[in-house]
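What follows is a short report on a single structure.
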Amino acid sequence: MLNKLFNRKMWGFFIILLIILPILITANFNSLKSPEKLIVKPSSNEENLEIYNSIRQLTPIDTSFTLPQNFNEVSRINRVDLDMNGRNEIVAFKKKTNENQGTSSIYMYIFNTRNRQISEEDEKIVKIPGESIKYANFIDIDNDGKKEIILHINSMGFENIYIYNYDNGLIKKTAEYNSSETSIKLNFFDYNRDGKMECLALIQNQQNYEVSICGMKLLNNKIQFDKYETSYTVESLDKVEILNGRISDNYFGSIITYHSLRGSAVNQLVIYKNSKFEKVIKNESTLAINPYNLRPEDINGDGLLDLPKVEQKLTNASSKDNVIITWYNWNGQQGDKEVLAPVSQYFYSFAYNHKLHIPDRMRDKIYIKIEKNDENYDYSIYYITSKSRIHLLTYTVMSKSTSSYENKDKNDAKITTLFETDDYVCILKSSNSAMMRKYGVDIDRIKNIFEMINN
0 MLNKLFNRKM WGFFIILLII LPILITANFN SLKSPEKLIV KPSSNEENLE
50 IYNSIRQLTP IDTSFTLPQN FNEVSRINRV DLDMNGRNEI VAFKKKTNEN
100 QGTSSIYMYI FNTRNRQISE EDEKIVKIPG ESIKYANFID IDNDGKKEII
150 LHINSMGFEN IYIYNYDNGL IKKTAEYNSS ETSIKLNFFD YNRDGKMECL
200 ALIQNQQNYE VSICGMKLLN NKIQFDKYET SYTVESLDKV EILNGRISDN
250 YFGSIITYHS LRGSAVNQLV IYKNSKFEKV IKNESTLAIN PYNLRPEDIN
300 GDGLLDLPKV EQKLTNASSK DNVIITWYNW NGQQGDKEVL APVSQYFYSF
350 AYNHKLHIPD RMRDKIYIKI EKNDENYDYS IYYITSKSRI HLLTYTVMSK
400 STSSYENKDK NDAKITTLFE TDDYVCILKS SNSAMMRKYG VDIDRIKNIF
450 EMINN
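Quick note: the sequence shown uses numbering that gives the first Met the number 0, first residue 0, plus one each step.
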């Protein structure tokens, strides 16, 4: 009995590890020094554990569970009502590698459920040559009231898209698209909020690296791509990130973040208007270009996604650890003029997990200089005038694990603590009282603009 309980707990832990590991790996792979990024903790229960164990027992031992690259939408094992009969099917993805032949195959298993159990009698199997699942989803793409299975498989240099229909316990391939000359990235989203999903397809020409903005549809059992705009040259479509959400008061859309051939990270806004996809930023705006990738966020809580812009000239920092970021959102206009408007500006110290909100009246007028001082770092804040930079104050960041913090007199009344976390403390080192008064800055206001980046 104890052994069974121990094994059950161990398998539960293993399932949780399977779910969370790709999240951690991808966070590092994308190297997104992103403010406000949250990691959602996975959950597991006894029923999921039983289904996981059942699938392992019913499928070949030389296959292993494989995770689609869009794992924020689809997992290795999925509960989905494909035929919309009120009962969920179980869809699982596994992979088998033949090391002798150097080939791989993707297996899709579909099980019916009865009394929360699955059985081998109801098993349906689809075998597809390929190394990885670039995209998987369950979408009613033909608007027949039932969900199709969309699979995008990478196989020995070919991009293969398959659409399957599941009805009355039968699985049937509805359409297929293959190409060795292009790279493809799919994104389904309800752009016009009518309850139906539209498919944005980015298609890259492998010869000149140009990316076309297209719409993908299923018409007469054929996959059709409607090309709307040729947008940009991209280093690798695999590194392109797409974030969906509300991007203005009147539009939902996608923010596409890509690396250009020049090495910079660029943000582009795409909307679905008049039954076609359109770029919002017609000309490449300098406000949408960064030296490295940063994730768009709703920075001020108004429900709109904002674009980050690294202000390299406002600090002396040469790394991502300390940076001033101005956040912009789309003003709702289209055309050749600048369509991005500033929302707010922050200084981020990712190394010491704090940020400072720069008041709107001081936007682009604050310069921050970072210098190492023995075990600690000094952060000096200057006000920028037309002629010079005027020193306002300097604060020191101490790690609570250093000897300098241990030797500090915690009861010294002369010490002013500006901000403190479990690991670090920010202490006022010096200030220019006259200049602070001149520009309307006081210590209490400084304390109020400190925030933690990640709680």
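Note that CB positions come from ideal geometry on N, CA and C, so glycine has one too. A quick note: this is a predicted structure, and the numbers were derived from the prediction, not measured.
### Closest residue to I298 among I170, N99, P307 and N292 (Cα-Cα distance)
The residue among I170, N99, P307 and N292 with its C-alpha nearest the C-alpha of I298 is P307.
### Message
Could you compute how far the alpha carbon of I138 sits from the alpha carbon of D80?
### Response
Distance between the alpha carbons of I138 and D80: 11 Å.
### Task
Compare the beta carbon distance of R75 and L66 with 8 Å and say whether it is the shorter of the two.
Taking 8 Å as the Cβ cut-off, R75 and L66 qualify as a contacting pair.
### Task
List the DSSP bridge partners of L355.
F346 and F449.
### Task
Determine the extent of the beta strand (DSSP E) in which S103 is found, giving its start and end residues.
According to the DSSP assignment, S103 belongs to the beta strand (DSSP E) that extends over T102 to F110.
### Query
Apart from the five residues on each side of it in sequence, which residues of its chain come closer than 6 Å, Cβ to Cβ, to Y190?
E197, F251 and Y271.
### 8 Å Cβ cutoff met for E450 and K319
Taking 8 Å as the Cβ cut-off, E450 and K319 do not qualify as a contacting pair.
#### Entry: Cβ pair count under 8 Å reaching 3, the stretch 241-257 against the stretch 175-194
Yes: the two stretches touch, three or more of their Cβ pairs being nearer than 8 Å.
### Message
Do S182 and L236 have their beta-carbon atoms positioned less than 8 Å apart in this structure?
### Response
In this structure, L236 places its C-beta atom within 8 Å of the C-beta atom of S182.
### Query
Touch check for the stretch 97-105 and the stretch 159-167: three-plus C-beta pairs under 8 Å?
No, they do not touch.
### Message
Let me make sure I understand the geometry here. Which of S385, A91, V233 and L313 has the alpha-carbon closest to that of M107?
### Response
For the residues S385, A91, V233 and L313, the minimum Cα distance to M107 belongs to A91.
### Task
Could you pull the start and end residues of the beta strand (DSSP E) that S400 belongs to?
Careful: S400 lies outside any beta strand (DSSP E) and carries neither H nor E.
### Query
Should the stretch 344-353 be called in touch with the stretch 362-378, which here means at least 3 C-beta pairs below 8 Å?
Yes, the stretch 344-353 is in contact with the stretch 362-378.
### Message
Taking the alpha helix (DSSP H) that M435 belongs to, which residues open and close that run?
### Response
Segment S432 to K437, the alpha helix (DSSP H) holding M435.
### Message
Can you tell me where the beta strand (DSSP E) holding Y176 begins and where it ends?
### Response
First-last of the beta strand (DSSP E) with Y176: L169 to S178.
### Query
Residue range of the beta strand (DSSP E) that M155 falls in?
Here M155 belongs to no beta strand (DSSP E), and DSSP marks it neither H nor E.
### Query
Hey, N292 and A264 are a contact pair by Cβ (cut 8 Å); roughly how many whole angstroms apart?
Contact between N292 and A264 holds: their C-beta atoms lie close to 4 Å from each other, under 8 Å.
### Message
I need the DSSP call for V39, collapsed to helix, strand or coil.
### Response
With a pLDDT of only 29 at V39, under the threshold of 50, the placement of this residue in the model should not be trusted, and no figure is reported.
### Query
What does DSSP give as the partner residues of I124 in its beta bridges?
In the DSSP output, where bridge partners are listed per residue, I124 has Y108.
### Task
Compute the beta-carbon to beta-carbon distance between Y423 and V396, rounded to the nearest angstrom, for a pair I have assumed lies under 8 Å.
Rounded to whole angstroms, the Cβ separation of Y423 and V396 is 6 Å, and the two are in contact under 8 Å.
### Query
Does the distance from the C-beta atom of K456 to that of D377 stay below 8 Å?
No statement about residue 456 is possible, as the shown extent of the chain runs from 0 to 454 and does not include it.
### Task
Please report the Cβ distance between K145 and D82, rounded to the nearest whole angstrom; I am assuming they are in contact, meaning their Cβ atoms lie under 8 Å.
Going by Cβ atoms, the distance from K145 to D82 rounds to 5 Å, so yes, they are a contact pair.
#### Entry: Buried or exposed by the 16-neighbour rule on C-beta atoms within 10 Å, applied to G85
So G85 ends up on the exposed side.
### Query
With burial defined as no fewer than 16 other Cβ atoms inside 10 Å of the residue's Cβ, what is the status of K133: buried or exposed?
For K133, the number of other beta carbons within 10 angstroms of its own is at least 16, and it is reported as buried.
### Task
Look at I152 and I105 and say whether their C-beta atoms are less than 8 Å apart.
Going by C-beta atoms, I152 is nearer than 8 Å to I105.
### Message
Please identify the residue among E209, L286, E419 and D141 whose C-alpha is closest to the C-alpha of P474.
### Response
Residue 474 is absent from the model: the chain starts at 0 and stops at 454.
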